[in-house]
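Here the structure comes first, spelled out in structure tokens, and everything after it is commentary.
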Amino acid sequence: MQKRKLRDLEVSELGLGCMGMSYGYGEAKDENTMINLIHKALNLGISFFDTAEVYGPYINETLVGKALKAFRDKVIIATKFGIQVENHKQIVTSDLRQIRLSLEGSLKRLQMDCIDLYYQHRVDTKVPVEEVAALMATLHKEGKIKAWGMSEAGIESIQKAHSVFPLSAVQSEYSLWWREPERELLPLLESLNIGFVPFSPLGKGFLAAKFNKDSTFDKKDFRSSVPRFEKENLETNMALVEFIKEIAKDKNATPAQVALAWLRKQKPFIVPIFGTTNPQRLEENINSLTLHLSEADLQAINAKLDTITIKGDRYSGENAKRIGK
Ligand SMILES: NC(=O)c1ccc[n+]([C@@H]2O[C@H](COP(=O)([O-])OP(=O)(O)OC[C@H]3O[C@@H](n4cnc5c(N)ncnc54)[C@H](OP(=O)(O)O)[C@@H]3O)[C@@H](O)[C@H]2O)c1
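Under numbering that gives the first Met the number 0, the sequence shown has 66 at position 67, and the numbering climbs by one with no breaks.
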């Protein structure tokens, strides 16, 4: 697999998001089965793995740590601080003492001495991002992190943080059904030489045609709280899936492969991290690397996307208030 650069970090051009293996989309999967899946990804050329302290909470880092311990020098592992869990409730906090505690916990669970890429999961409006950036510079000097990034941060926060200690990557949602980053974020990242890591590149499975208009989601599945997946919106949004299926048929590919190829074609500093818990889908998604969309394909797809209405927000309630800060 070819590599891409996130500023100074070299990673495989597709990364594996490990969240869904233990968190977010229902019950945690069997640990050994997931370790085998991570090893399969490694064998197929993936060297970039994404986790977070809050996934599980905590058990996802432990899983990733166990799976990758023996391959430490061959991989780039990204994790995240900034969301704590108290009484089953998530609290956004970048209290500087808490970040140090989080870091020590992550290093232990991941069985590492140094984190390759350490993201602030969400901006904490109570703590200036400049202070967080200065702490990241200190942790870098201490040899505890190689690089840092921010997730779902607003443009101003990114600029302020980057001016104190350069960011290597920003991780935010970007896909065929969420193209907002094209407006301001991508031009900014390009101008500052910051890499971009789109999460949910398959729209949490929607763009891969995993669901239909009647799909419902268990309470333990994050999608049950996402307005775009509500019944009345899902039916309208299926128009996008029908369009992706048409492209897939035309290109002799699958919908998931179209969604990933479209993202990779946007910019050379983009490295999508898809999530899967299934070995066949892992292969299918990696095989998207053989699908090359031309500039004309991209323009035609984007022109059609502009005419398709997506109903429903991508976050609700408290989750919506935390983004773009
Ligand atoms: N920074 C943040 O705030 C944030 C937020 C969300 C996610 N993330 C990170 O981004 C990673 C990816 O996000 P995501 O899991 O939402 O990504 P995604 O790749 O958009 O969606 C994953 C879903 O798609 C399904 N899927 C995968 N490949 C498929 C295929 N070929 N055909 C049909 N269905 C397919 C998976 O089901 P199966 O498991 O059954 O294949 C799973 O339900 C996460 O693991 C996490 O590391 C970060």
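Even for Gly, the Cβ is constructed at its ideal location relative to N, Cα and C. Values in this document were obtained by computation on a predicted structure and should not be read as measured data.
Item	Value
With a threshold of 7 Å (Cβ to nearest heavy atom), would H120 be considered close to ligand 1?	yes
Would you mind reading off the limits of the alpha helix (DSSP H) that contains P186?	184-191
Tell me the DSSP secondary structure of F242 in three-state form.	helix
Given 8 Å as the limit, is there contact between the segment 87-101 and the segment 63-74, that is, 3 or more CB pairs closer than that?	no
Whose C-beta lies closer than 6 Å to the C-beta of V126 among residues of the same chain, with five residues either side of it excluded?	S93
Taking 8 Å as the cut-off, decide whether the C-beta atoms of P267 and P197 are in contact.	no
Which of the three DSSP states is assigned to K266 in this structure?	coil
Are there any heavy atoms of ligand 1 lying less than 7 Å away from the beta-carbon of S11, as far as the coordinates show?	no
Between H38 and A66, is the Cβ-Cβ spacing less than 8 Å?	yes
Thinking just about the alpha-carbon of each residue, which of E60, G23, F70, Y118 is nearest to the one in L106?	E60
Residues in the same chain with beta-carbon distance under 7 Å from K219, minus the five sequence neighbours each way, listed in chain order, please.	G25, E26
According to the Cβ coordinates, are S199 and A258 closer than 8 Å?	no
If you run the structure through DSSP and keep just helix, strand and coil, what is D72?	helix
Beta-carbon separation of G229 and G311 under 8 Å?	For the sequence presented, residue 229 should be read as Glu rather than Gly. It is a contact, given that the beta carbons lie within the stated cut-off.
Which of the three DSSP states is assigned to F210 in this structure?	coil
Check for me: the alpha helix (DSSP H) holding A252 runs from which residue to which?	That residue, A252, is in no alpha helix (DSSP H); it is neither H nor E in DSSP.
Note down the Cα distance separating G23 from K320, rounded to an integer number of angstroms.	19 Å
Please state the DSSP three-state secondary structure of T235.	helix
Please indicate yes or no: does the CB of G274 lie closer than 7 Å to some heavy atom of ligand 1?	yes
Tell whether a beta-carbon distance below 8 Å holds between V240 and A260.	no
Nearest by alpha-carbon distance to N211: which of D217, M237, L8, N301 is it?	M237
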